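Residue numbers for the sequence shown follow the working numbering, beginning at 29 and rising by one. Built from N, CA and C at the ideal position, the CB exists for glycine as well. These numbers come from a predicted model, not from an experiment. Some notes on the structure that comes next.
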Amino acid sequence: MRNQADRIIIFDTTLRDGEQCPGATLNIDEKLIIAKQLARLGVDIIEAGFAFASPGDFEAVKKIAQIVGTEDGPVICSLARAIKADIEAAAEALKPAVHGRIHTFISTSDIHLEYQLRKSRAEVLAIAEEMVAYAKSFMDDVEFSPMDAARSDPQFLYQVLERAIAAGATTVNIPDTVGYTTPSEFGDMIKGITENVPNIDQAIISVHGHNDLGLAVANFLEAVKNGARQLECTINGIGERAGNAALEELVMALHVRRQYFNPFLGRSEDSEAPLTNIDTKQIYKTSRLVSNLTGMLVQPNKAIVGANAFAHESGIHQDGVLKNKLTYEIMDAQLIGLTDNQIVLGKHSGRNAFGTRLKELGFELSETELNKAFVRFKDVADKKKDISDWDLEAIVNDEIQQS
Ligand code: KIV
Ligand code: ZN
Numbered sequence: 029m030r031n032q033a034d035r036i037i038i039f040d041t042t043l044r045d046g047e048q049c050p051g052a053t054l055n056i057d058e059k060l061i062i063a064k065q066l067a068r069l070g071v072d073i074i075e076a077g078f079a080f081a082s083p084g085d086f087e088a089v090k091k092i093a094q095i096v097g098t099e100d101g102p103v104i105c106s107l108a109r110a111i112k113a114d115i116e117a118a119a120e121a122l123k124p125a126v127h128g129r130i131h132t133f134i135s136t137s138d139i140h141l142e143y144q145l146r147k148s149r150a151e152v153l154a155i156a157e158e159m160v161a162y163a164k165s166f167m168d169d170v171e172f173s174p175m176d177a178a179r180s181d182p183q184f185l186y187q188v189l190e191r192a193i194a195a196g197a198t199t200v201n202i203p204d205t206v207g208y209t210t211p212s213e214f215g216d217m218i219k220g221i222t223e224n225v226p227n228i229d230q231a232i233i234s235v236h237g238h239n240d241l242g243l244a245v246a247n248f249l250e251a252v253k254n255g256a257r258q259l260e261c262t263i264n265g266i267g268e269r270a271g272n273a274a275l276e277e278l279v280m281a282l283h284v285r286r287q288y289f290n291p292f293l294g295r296s297e298d299s300e301a302p303l304t305n306i307d308t309k310q311i312y313k314t315s316r317l318v319s320n321l322t323g324m325l326v327q328p329n330k331a332i333v334g335a336n337a338f339a340h341e342s343g344i345h346q347d348g349v350l351k352n353k354l355t356y357e358i359m360d361a362q363l364i365g366l367t368d369n370q371i372v373l374g375k376h377s378g379r380n381a382f383g384t385r386l387k388e389l390g391f392e393l394s395e396t397e398l399n400k401a402f403v404r405f406k407d408v409a410d411k412k413k414d415i416s417d418w419d420l421e422a423i424v425n426d427e428i429q430q431s
């Protein structure tokens, strides 16, 4: 397991909450490919699925636990409602992982209690406590989420968290399930938790948030300033409705502005030390891979990984950048794994250059697949002068994914 003492823990939920967005369904092999890449990216925890949800999800969690959940690999996690059968399925699927985590949840907002759960606060309190203890009987690493925490009564939330920690939760995750909160409110909420939950020092505070108002990343950064140490996010921000907090935006904000956000300053003398375990050079590749396999396109102006994120169009900007990059760039494209001197692919390019570029774009092709795609590439290159990354992705998707 990776060092987490002086790092912000990155919990990736692309394969669980991310996959919950319409049209993004992945099969087991695709999930495994993404999980391997997430491990290369350096995420600390992979939420591999919701084992009870379907036999396919169970198998995916199990396979990822077997293949990616190694001694030095990430923690592999499965979601489970606060229901015995869910927790049992999660525990079973996670058995092969060296480091496993059960993530169990129950709603705590009055609106969810009244209309969805039809339970009283006292009942929810008792269930949370009992099910965390049940999950703990299977493994040490247990995460508890009070769903819709951001719209819950803070006093009730403090009580639930205290009981969940007493029952064995090692991480308590605070979800803004409907993307309703604002940065200062969310920051205050985390501060309130640190001040009002008596046993909070026995657990890590995590945050989880949706992007309905486009505020998820800003909310998380404010949460970090107020004591959150785990961030739940997805590649390209995919997820329910407007999506989840985007991993690449969080990681690069924490990297580029590390002196501003560093909650460990004072403990660690090194103000330049990275704040996460993420290998930022793997970010672009991971983004392309997830986009290709889920079919979820990345908008061109998307921060960090959009096609225009490092492009300069205006004459004034181009002039400035040519004189000194820092005039209009706050980070180097190479930091996220883009190369400045990209090989231009055309009809004269060989199989090696073609294969190398595909690897940079996140494709892991077998020999046969590469050969097939190369034949198609030559065909397209004969008709088209410049072959863009988008063309390459289209070629691979047409030839390989659908065959
Ligand atoms: O958005 C949410 O509340 C969730 C929980 C299961 C953590 O996804
Ligand atoms: Zn969610």
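- DSSP, read as helix, strand or coil, puts Val126 in coil.
- In terms of Cβ geometry, Ile56 and Val279 do not form a close pair [threshold 8 Å].
- A direct Cα-Cα distance of roughly 21 Å separates Asp360 from Val71.
- Ala337 and Gln327 have their alpha carbons spaced roughly 10 Å apart.
- The stretch 283-294 and the stretch 71-89 do not touch, with fewer than 3 CB-CB distances between them shorter than 8 Å.
- Each of Met159, His376, Ala117, Lys147 was checked against the Cα of Thr132, and the nearest Cα belongs to Met159.
- Looking at the backbone, the Cα of Thr367 and that of Val333 are separated by about 13 Å.
- A straight line joining the alpha-carbon of Ile139 with that of Arg385 spans about 50 Å.
- Residues whose Cβ lies closer than 7 Å to any heavy atom of the ligand ZN, listed in chain order: Asp45, Pro203, Thr205, His236, His238, Gly267, Glu268, Asn272.
- Comparing C-alpha distances from Ser234 to each of Leu69, Ile218, Val245 shows the shortest one belongs to Ile218.
- Just measuring C-alpha positions, the residue of Leu153, Val206, Glu213 sitting nearest Ala194 is Leu153.
- For the 8 Å CB-CB criterion, Ala273 and Gly265 form a contact.
- In the structure shown, the three-state DSSP call for Gln65 is helix.
- In this structure, Lys64 and Val96 form a Cβ contact; the two beta carbons are roughly 6 Å apart against a cut-off of 8 Å.
- Taken through DSSP and simplified to helix, strand or coil, Asn201 comes out as strand.
- Boundaries cannot be given for Leu241, as no beta strand (DSSP E) includes it and DSSP labels it neither H nor E.
- Ala331 has its alpha-carbon roughly 32 Å from the corresponding atom of Ala79.
- For the pair Leu317 and Val126, the Cα-to-Cα distance works out to about 26 Å.
- In the three-state scheme derived from DSSP, where H, G and I count as helix and E and B as strand, Ala274 is classed as strand.
- Here DSSP, grouped into helix, strand and coil, assigns Phe214 to helix.
- Checking the 7 Å criterion, the Cβ of Ser394 is out of range of every heavy atom belonging to the ligand KIV.
- When the alpha-carbon of Ala401 is set against those of Glu427, Ile364, Gln310, the nearest one is in Glu427.
- In the structure shown, Leu107 adopts extended strand secondary structure according to DSSP, grouped into three states.
- Shortest Cα-Cα distance from Met324 to any of Thr262, Leu141, Lys411 involves Thr262.
- Beta-bridge pairing by DSSP links Gly77 to Ser106.
- Taking Ser319 as reference, the option from Ile73, Gly267, Ser299 with the minimal CA-CA separation is Gly267.
- Taking every protein chain shown into account, the CB of His238 has 16 or more other CB atoms within 10 angstroms, so this residue is buried.
- Residue burial annotation: Leu54 is buried, with at least 16 other C-beta atoms found within 10 angstroms of its C-beta.
- For the options Lys309, Asn352, Gln230, the alpha carbon positioned closest to that of Gln362 is the one of Lys309.
- Contact annotation: Ala381 and Leu393 have beta-carbon atoms that are not nearer than 8 Å.
- Spanning the alpha carbons of Ser106 and Ala76 requires a straight line of approximately 6 Å.
- When secondary structure is reduced to three states using DSSP, Met280 falls in the helix class.
- By the neighbour-count definition (other C-beta atoms within 10 Å, threshold 16), Asp114 is a buried residue.
- Per the coordinates, the alpha-carbon of Gln230 lies some 11 Å from the alpha-carbon of Ala192.
- Collapsing the DSSP output to three states places Ile266 in coil.
- At the C-beta level, Gly196 and Lys147 stay beyond 8 Å of one another.
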